[in-house]
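Notes for the one structure printed next.
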């Protein structure tokens, strides 16, 4: 069973989507380790090391995701998580920006996949399976 | 008539406590100086003779129960993966089982780490790492390194259960005394001490007790021996919770200042008292024990000195005391007994420092965090703000004429929101040093143990009103 660490990064307390992701991925047969809301980069990384996770899925809804996610890939590499798959999704930037630009910026930061606002988690499952296996 | 003898084989004293089940009370206590080199039975017999003198007659005991912290107690090495997670879980498990954590290692073990373990006279190694189904790579590495080192120290494996059989294979192949038990953190942030704690006690009984010669007496009494801190922990839990119709005294902390270490026990969940505080990190058990190996008034006097602030040093200097040289003197001569008023003042200052530093370390931490809604706080560890009773024990407190002043250092007096020590508590003294004994008694008669504690533990100041 593959392990996925999920959570909401930064000073963000949007808990509902987090619960939906937890529920859906668990139902799909993944071992979900949920670090919950108000989580720092270190919370995600520590959980991923201990749980032997294949992927970290970061949610952010309050607009400061770009600041919160900076340096995440570098910290993962520093912590020995060289091959971890990083996803980020939600309302990850301030204001209404062109998503192709946003996506490029987050990919530049080392995220494998970036999802625009209002992406249902069900639609992401095929990509997760493609990236880490069932 | 039924008499019970309760014994503590300490590193400097063998202490006895006699309880009469019919009178429902303690009928006498005694203690005798004992050294590591000496046969432990001599100290026991001497203390028994002293007890008979105090009672004015020889009596027979129907049952004896003992605990021990002889020869510096149980020294352990805690190994885990991430410092905030399985390393912390391992440390807490060791301390919760009554051991002292002398060495701590995280991530991959190196040859250098193995050398440190070899040179440190460790009694037991607790190896954890990985949640169940979690990390295997680094944990596997650590199992191999420890296995290949062919240590003669027993190893408890309490990590990712996926590696249980691997650990078994490597350790048995290398002729290591090993034990496999439940993961101390099978799920992220959830502490599970039970299996490892029981295994530590099992090894303690088998190995430490016989190595230190206590088994010669144990055979005579044929009753389970606990590490002394575990006996004290059980007493504190009982005193806090109460039993059946006999209420406990509620959330409490106990500070035990000794010559070499200072132990702090807290009986509280330690939840935040403010709504803008969020919990972070490992869950805390209701009964928590920490032990500070650098804080004491004799062997560890220099460590206690380091924690003393400038103002106190200046105040002592005006009285003609140089605390630094006094601390050194006590370290070099641990049998030192205070005689003059100045000697007592030095011991008071050192004890205060031990109490203050140890409770500060035991209490959790608050960190500010800026959000779009203003400042919120993260709390790691326990908040002791709901604690209403503070109990002091250990020679340096019990024998001091400054009990109140020393114990007050366990609480915070300033309006500092980052200080999670108790506020406005009642202060008690375990003046007859009975807590270990009541912990032992609680294994056969908890209600009586609770009643005796409530009667014998003396209230010295009540600041709650």
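Protein chains in written order, with our numbering: chain A, 1 to 134; chain B, 1001 to 1465. Note that the Cβ used here is the ideal one computed from N, Cα and C, for glycine as well.
Quiz item: Among all the DSSP beta bridges, which residues are the ones paired with residue 1030/B?
Solution: 1016/B
Practice problem: Verify whether the separation of the beta carbon atoms of residue 1133/B and residue 1089/B is less than 9 Å. | Solution: no
Quiz item: For residue 1042/B, does the count of other Cβ atoms within 10 angstroms reach 16, so buried, or fall short, so exposed?
Solution: With a threshold of 16 other beta carbon atoms within 10 Å, residue 1042/B falls short and is exposed.
Quiz item: Does the separation of the CB atoms of residue 1282/B and residue 1092/B fall below 9 Å?
Solution: yes
Quiz item: Would you say residue 1373/B faces chain A, with C-beta separation under 9 Å as the test?
Solution: yes
Quiz prompt | Bridge partner(s) assigned by DSSP for residue 1368/B | solution = 1377/B
Exercise. Report yes or no: is there a C-beta of chain B within less than 9 Å of the C-beta of residue 54/A?
Key: no
Self-check item: Proximity below 9 Å, CB of residue 1181/B to CB of residue 1149/B
Solution: no
Practice problem: Measure the CB-CB distance between residue 1364/B and residue 1381/B and report whether it falls below 9 Å. | Solution: yes
Practice problem: State the beta-bridge partners of residue 1190/B as determined by DSSP. | Solution: In DSSP, residue 1190/B forms a bridge with 1187/B.
Self-check item: Beta carbon proximity, residue 1299/B to chain A, threshold 9 Å
Solution: no
Practice problem: Output the residue ranges of the alpha helix (DSSP H) runs that lie fully inside the stretch 1038 to 1093 of chain B and measure 4 residues or longer, sorted by chain position. | Solution: The stretch 1038 to 1093 of chain B contains these whole alpha helix (DSSP H) runs: 1040 to 1055.
Exercise. Report all residues from its chain with a CB closer than 6 Å to the CB of residue 1450/B; omit the five preceding and five following residues, and keep chain order.
Key: Only 1238, 1243, 1246 meet the Cβ criterion.
Exercise. Measuring only between beta-carbons, confirm whether residue 1348/B sits less than 9 Å from chain A.
Key: no
Quiz prompt | Status (buried if at least 16 other CB within 10 Å, exposed otherwise) for residue 1075/B | solution = buried
Quiz prompt | Whether residue 9/A touches residue 25/A by CB criterion (9 Å) | solution = In this structure, residue 25/A does not lie closer than 9 Å to residue 9/A by Cβ.
Exercise. Verify the contact flag: residue 1429/B, CB atom, against every heavy atom of the ligand ADP, threshold strictly below 8 Å.
Key: Within the structure as shown, the ligand ADP is missing, as the structure has no ligands at all.
Self-check item: Cβ contact (3+ pairs, closer than 8 Å) linking the stretch 39 to 50 of chain A and the stretch 79 to 98 of chain A
Solution: yes
Quiz prompt | Through-space distance from residue 61/A to residue 87/A, alpha-carbon basis | solution = 14 Å
Quiz item: Mind checking if residue 80/A is an interface residue toward chain B, Cβ cutoff 9 Å exclusive?
Solution: yes
Self-check item: residue 1438/B (DSSP reduced to helix, strand or coil)
Solution: helix
Quiz item: Taking Cβ-Cβ distances shorter than 8 Å, what residues in chain A pair up with residue 1290/B?
Solution: The premise fails here: residue 1290/B is roughly 22 Å from chain A at the closest Cβ pair, so nothing lies under 8 Å.
Quiz item: For residue 1189/B, which residues of its own chain have a beta-carbon under 8 Å away from its beta-carbon, when the five flanking residues on both sides are left out?
Solution: 1085, 1281, 1282, 1283
Quiz item: residue 1147/B and residue 1122/B: beta carbons closer than 9 Å?
Solution: no
Quiz item: Do you know offhand how far residue 1079/B's Cα is from residue 1197/B's?
Solution: 15 Å
Self-check item: Neighbourhood of residue 75/A by C-beta distance below 8 Å, restricted to the same chain and skipping five residues each side
Solution: 41, 42, 45
Quiz prompt | Inter-residue Cα distance where the pair is residue 1412/B and residue 1419/B | solution = Between residue 1412/B and residue 1419/B, the C-alpha separation is close to 7 Å.
Practice problem: Inspect the CB distances between the stretch 1060 to 1071 of chain B and the stretch 1429 to 1444 of chain B and report whether three or more fall short of 8 Å. | Solution: yes
Quiz item: In angstroms, rounded to a whole number, what distance separates the CA positions of residue 1153/B and residue 1177/B?
Solution: 7 Å
Exercise. List the endpoints of the continuous alpha helix (DSSP H) containing residue 1450/B.
Key: 1446 to 1456
Quiz item: Helix, strand or coil for residue 34/A per DSSP?
Solution: Residue 34/A: strand per DSSP, three-state reduction.
Exercise. Show which residues of chain A have a CB atom less than 7 Å away from the CB atom of residue 1278/B.
Key: 38
Exercise. Pull up the distance between the alpha-carbon of residue 1249/B and that of residue 1101/B, whole angstroms please.
Key: 30 Å
Quiz item: Between the beta-carbon of residue 1291/B and the beta-carbon of residue 1350/B, is there less than 9 Å?
Solution: With a cutoff of 9 Å on beta-carbon distance, residue 1291/B and residue 1350/B are scored as not near each other.
Quiz item: Would DSSP call residue 1174/B helix, strand or coil?
Solution: coil
Quiz item: Between which two residues does the alpha helix (DSSP H) containing residue 1138/B stretch?
Solution: DSSP places residue 1138/B inside the alpha helix (DSSP H), whose first and last residues are 1137 to 1148.
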